[in-house]
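Everything in the sequence shown is counted per my numbering, starting at 1104 for the first residue and increasing by one. Note that CB positions come from ideal geometry on N, CA and C, so glycine has one too. A short write-up of the structure that comes next.
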Amino acid sequence: MIHGEIYRKLLLYSAILVAFGGAVTAIFLGLNFHLVPPDIDPDTGEVFYEGMLHPQRWWIATAVFMITLITSFIMMGLSAVIGILTEIRDKKNMD
């Protein structure tokens, strides 16, 4: 049956997307996570106060990256399990 292969590929590509999204989010958090946001004049764009970056932002970014990476590894493992079960089912249906 083709359904197992479609689900396996969907889960695998979703896992890759989760890992990539986690990496992008972690970089964004590490560079831009403010404790006190900057004060900018909306009309002129003049910066009155640069803001204060969160002192723990890289630890938070690392945690976000690790959580998304572990989640994507679990999804990849489930994808492999679906592939193996699909092969077993197809061999059983052949006999």
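Under three-state DSSP, which class holds residue i?
i: residue 1157; result: coil
i: residue 1144; result: coil
Pull the bridge partners of residue i from the DSSP assignment, please.
i: residue 1137; result: 1156
i: residue 1150; result: 1143
Using a Cβ-Cβ cutoff of less than 6 Å, which residues in the same chain neighbour residue i once the five nearest sequence positions on both sides are dropped?
i: residue 1200; result: With the chain covering only 1104 through 1198, there is no way to say anything about residue 1200.
i: residue 1119; result: none
Quick one: what's got a C-beta closer than 7 Å to residue i's C-beta in the same chain, skipping five residues either side?
i: residue 1115; result: 1179, 1182
i: residue 1168; result: 1125, 1126, 1129
i: residue 1189; result: 1107, 1108, 1111
i: residue 1133; result: 1160, 1161, 1164
TODO: Report yes or no: do the segment 1109-1125 and the segment 1149-1157 share at least 3 C-beta pairs separated by less than 8 Å?
DONE: The segment 1109-1125 is not in contact with the segment 1149-1157.
Open item on the list: Count Cβ pairs between the segment 1128-1138 and the segment 1156-1164 that sit closer than 8 Å; are there 3 or more?
Closed with: yes
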